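A.B. asks: The structure's right below; bear with me while I get my questions together.
Numbering (the UniProt record's numbering), first residue to last: 1 to 280.
Here's what the structure looks like:
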């Protein structure tokens, strides 16, 4: 595929899903680090409306405020790359918030249906309501801190700027589980939260399977989960993926990393559901 056609393809994907922007930029520019900064200044200097190119660093004004910084230390960016990256960001800004609206309906082993769909900041109130129904222990296990601090993470977690979120929803429309796929610089994190009354029904495993399917399709080499060593549910869900795992533990914090290179060319059929929900 020639360069103009590839850029058009990336623009089409970005047009349908705000979470595609960081992936499109990475596919456009190759291996690079992408960060969002909340302020419109970098090192005390304001970033102009048209952005800034400084050899191996691109700085662009983010649509929702702040600055998108792209770094590629091993190879300076070209003016053409800068112009194409700026065009993608400008397209994203014009289109505003958007996510695919597909969903899957799952029948739980104990009976009853739930649906899995993409979620974003429009689901903030429903996510906070789910927090209120979760026990303090469940929130501490998920957020590694005081349960009262849990709500302040949600706006970041639900933003398509930082990754993709899947919601498990009952037939009445209540969210009972959230799964996050977070672009963390060059790495990719997965995180899960299931409401207490809905735990041990396979919801977390279903969410994780779809998130990993999205990560594989996006070209991620691995995904990692940060949890407490006592969180047997998260550890079991990661093991259930059937992927090579690496474990690192320090002072009670466990990092479980799953390698995705072994499945890139043979994506399991059940993972394709994650692609369908997650992609435009």
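Idealized CB from N, CA, C, for every residue including glycine. The structure displayed is predicted, hence computed values, not measured ones.
What residues in its chain sit with their C-beta under 7 Å from that of residue 261, if we drop five residues either side in the sequence?
C.D. replies: Same-chain partners within the cutoff: 221.
A.B. asks: Hey, out of 158, 147, 117, 145, whose CA is closest to residue 171's CA?
C.D. replies: The residue with the shortest Cα to Cα distance from residue 171 is 117.
A.B. asks: Helix, strand or coil: which one does DSSP assign to residue 278?
C.D. replies: Reliability fails at residue 278, whose pLDDT of 48 lies under 50, so the model's placement of it is uncertain and the value that follows must be treated cautiously. Three-state DSSP puts residue 278 in a helix.
A.B. asks: If distances are taken between C-alpha atoms only, which option among 217, 219, 169, 30 comes closest to residue 77?
C.D. replies: Ranking 217, 219, 169, 30 by Cα distance to residue 77 puts 30 first.
A.B. asks: Give me, in chain order, the residues of the same chain whose beta-carbon lies closer than 7 Å to that of residue 231; leave out the 5 immediate sequence neighbours on both sides.
C.D. replies: Answer for residue 231: 141, listed in chain order.
A.B. asks: Tell me the residue span of the beta strand (DSSP E) that contains residue 248.
C.D. replies: Run containing residue 248: 245-250, per the beta strand (DSSP E) assignment.
A.B. asks: Note down, in chain order, each residue of its chain lying with its Cβ closer than 6 Å to the Cβ of residue 126, except the 5 sequence neighbours on either side.
C.D. replies: Answer for residue 126: 175, listed in chain order.
A.B. asks: Are there 16 or more other CB atoms within 10 angstroms of the CB of residue 135, so buried, or fewer, so exposed?
C.D. replies: Classification of residue 135: exposed, given that the 10 Å Cβ count is below 16.
A.B. asks: Pick out whichever of 61, 203, 91 has its Cα sitting closest to the Cα of residue 7.
C.D. replies: Considering only alpha carbons, the answer is 91.
A.B. asks: Straight-line CA distance for residue 62 to residue 85?
C.D. replies: Straight-line Cα distance between these residues: approximately 12 Å.
A.B. asks: What number of angstroms, rounded off, separates the C-alpha of residue 257 from the C-alpha of residue 111?
C.D. replies: Each residue's Cα considered, the two are about 32 Å apart.
A.B. asks: Do the segment 206-222 and the segment 138-157 touch if we need at least three Cβ pairs shorter than 8 Å?
C.D. replies: Contact between the segment 206-222 and the segment 138-157 is absent, because fewer than three Cβ pairs lie under 8 Å.
A.B. asks: For a minimum of 4 consecutive residues, which ranges assigned as the alpha helix (DSSP H) are wholly contained in the UniProt domain "N-acetyltransferase" (114-270)?
C.D. replies: If we require 4 residues or more, the alpha helix (DSSP H) runs fully inside the UniProt domain "N-acetyltransferase" (114-270) come out as 124-133, 136-143, 154-158, 203-217, 232-239.
A.B. asks: So what's residue 67 in DSSP terms, helix, strand or just coil?
C.D. replies: The answer is strand: DSSP assigns residue 67 an E or B state.
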